[in-house]
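Inspection log for the structure reproduced underneath, given as structure tokens.
Chains as they are written, first to last, in the working numbering: chain A, 1 to 137; chain D, 1 to 178.
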């Protein structure tokens, strides 16, 4: 009796020569989309939630103001005081006229504080703002 | 006797190339943060010093004043309602202005107390924007049979013309010390 299994005579290997190419393509994709985080966020905050969210089209135009739970504010890499915002933002507006200011504020800050920031932004002519929020599910 | 020495096979082993590429790939996969910034966009009014401010009379029928107090209660034109009902209140009023000329469109004015909590303000603003978005969607469904987001730029601008988003932030009252 012959117990030998019947097999096809063809080669049974998966060609792997193209695998590095595919992996490199994936690699290229991730390399191009990666943006290294360039600013350390020093304040702690929890964003509010909203439904009618819009995406910011161009990240290049965005400038952030962080407001923490303890009402400390951060612009760029350092803490700022309320009086300094106008000057800083005015300079930014001069450098980049289409600037969008993204306000990343903690959800429990009172509005008086936010209004003060907004007044400073209005004086600095940074009129396009965006209230950063998480999507509500 | 001159016999050429046989050259040994000179190939670079490429079997591990895939592994190397995978390592690099993993590194970039791990470090990538695809964070798309999302938020509620708004354009602030220009700053005008108090003594130069002029009062403009606006027809009360095109104005909806949304007031949010420190407890999170919402007042629209004298009625106290919960935050999540703002949308339904405004939608009908915004939609009724669709056929009117540009200078008769709805203005929603949002005013908060200095002690109102930020997330209440955001959800009120969210409701107002949702109301506008839904009116836009309904209009474009009626006119073009598509949602607003699926329209091309030209048609979008037509809808934007018919349903412009006008949200006005009320001038804050002179700052009181709390």
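Even glycine gets a Cβ: it sits at the ideal position worked out from N, Cα and C.
Review point. Do residue 65(D) and residue 123(D) have their C-beta atoms closer together than 9 Å?
Key: no
Practice item. Check the Cβ of residue 53(D) against every Cβ in chain A and list those closer than 8 Å, keeping chain order. Key: In chain order: nothing, as chain A lies at least about 13 Å away.
Point to revise | One or two residues paired with residue 128(A) in a DSSP bridge | key: 43(D)
Check your understanding: Which residues does DSSP pair with residue 64(A) in a beta bridge?
Key -> 102(A)
Point to revise | Through-space distance from residue 49(D) to residue 112(A), alpha-carbon basis | key: 19 Å
Check your understanding: In whole angstroms, what separates the C-alpha of residue 71(A) from that of residue 139(D)?
Key -> 42 Å
Review point. Does residue 130(A) come within less than 9 Å of chain D when only Cβ atoms are used?
Key: yes
Exercise for review: Taking only beta-carbon positions, decide if residue 18(D) is within less than 9 Å of chain A.
Suggested key: yes
Practice item. Return the CA-CA distance between residue 137(A) and residue 108(A), expressed in angstroms with no decimal places. Key: 20 Å
Practice item. Put residue 74(A) into one of helix, strand or coil per three-state DSSP. Key: strand
Practice item. Using the DSSP secondary-structure output, state which residues sit across from residue 63(D) in a beta bridge. Key: 107(D)
**Study point:** 9 Å Cβ cutoff, residue 76(A) in contact with chain D
**Key:** no
**Study point:** Cβ of residue 178(D) within 9 Å of any chain A Cβ
**Key:** Model confidence at residue 178(D) stands at a pLDDT of 41, short of 50, so the residue's coordinates are unreliable; what they give is reported in the following sentence. By the rule that beta-carbons nearer than 9 Å mark a contact, residue 178(D) touches chain A.
**Study point:** For residue 50(A): DSSP bridge partner residues
**Key:** Answer is 135(A), bridged to residue 50(A).
Check your understanding: Counting along the chain, where does the beta strand (DSSP E) carrying residue 79(D) start and finish?
Key -> 79-81
Practice item. Flag this pair as touching only if the stretch 54-72 of chain D and the stretch 101-118 of chain D have three or more C-beta atom pairs under 8 Å; answer yes or no. Key: A contact exists between the stretch 54-72 of chain D and the stretch 101-118 of chain D.
**Study point:** CB contact check: residue 8(A) to chain E, cutoff 9 Å
**Key:** No chain E is present in this structure, whose protein chains are A and D.
Review point. Which residue from 77(D), 134(D) and 70(D) puts its Cα closest to that of residue 179(D)?
Key: A query on residue 179(D) cannot be resolved here, the shown segment of chain D reaching from 1 to 178 and no further.
**Study point:** Extent of the continuous beta strand (DSSP E) run through residue 42(A)
**Key:** No beta strand (DSSP E) contains residue 42(A), which DSSP labels as neither H nor E.
**Study point:** First and last residue of the uninterrupted beta strand (DSSP E) at residue 74(D)
**Key:** That run of the beta strand (DSSP E) goes 74-76.
Review point. With respect to the beta strand (DSSP E) encompassing residue 179(D), which residues constitute its N-terminal and C-terminal limits?
Key: There is simply no residue 179(D) to check, as chain D begins at 1 and stops at 178 in what is shown.
Practice item. Check whether the Cβ atoms of residue 130(A) and residue 103(A) lie closer than 9 Å to each other. Key: yes
Exercise for review: Examine the Cβ distances between the stretch 52-70 of chain A and the stretch 87-107 of chain A and report whether three or more of them are shorter than 8 Å.
Suggested key: yes
Review point. Where residue 40(A) and residue 80(A) are concerned, what is the direct C-alpha to C-alpha distance, given to the nearest angstrom?
Key: 15 Å
Point to revise | Contacts of residue 97(A) in chain D (Cβ-Cβ under 8 Å) | key: Under the 8 Å cutoff, chain D gives no residues; its nearest Cβ is about 14 Å from residue 97(A).
Check your understanding: Which partner residues does residue 38(D) have in the DSSP bridge list?
Key -> 55(A), per the DSSP bridge assignment.
Review point. Tell me, which residues are paired with residue 30(A) by DSSP?
Key: Under DSSP, residue 30(A) shares a beta bridge with no residue.
Point to revise | Beta-bridge partners of residue 112(D), as assigned by DSSP | key: 68(D)
**Study point:** Chain-ordered chain D contacts of residue 30(A) [CB-CB under 7 Å]
**Key:** 25, 28, 29 and 32
Review point. Tell me the DSSP bridge mates of residue 168(D)?
Key: 109(D)
Exercise for review: Starting from the C-beta of residue 178(D), find all residues in its chain whose C-beta is less than 6 Å away, skip the five residues before and the five after it, and write them out in chain order.
Suggested key: With a pLDDT of 41 at residue 178(D), under the threshold of 50, the modelled position of that residue is not reliable, and no figure is offered here.
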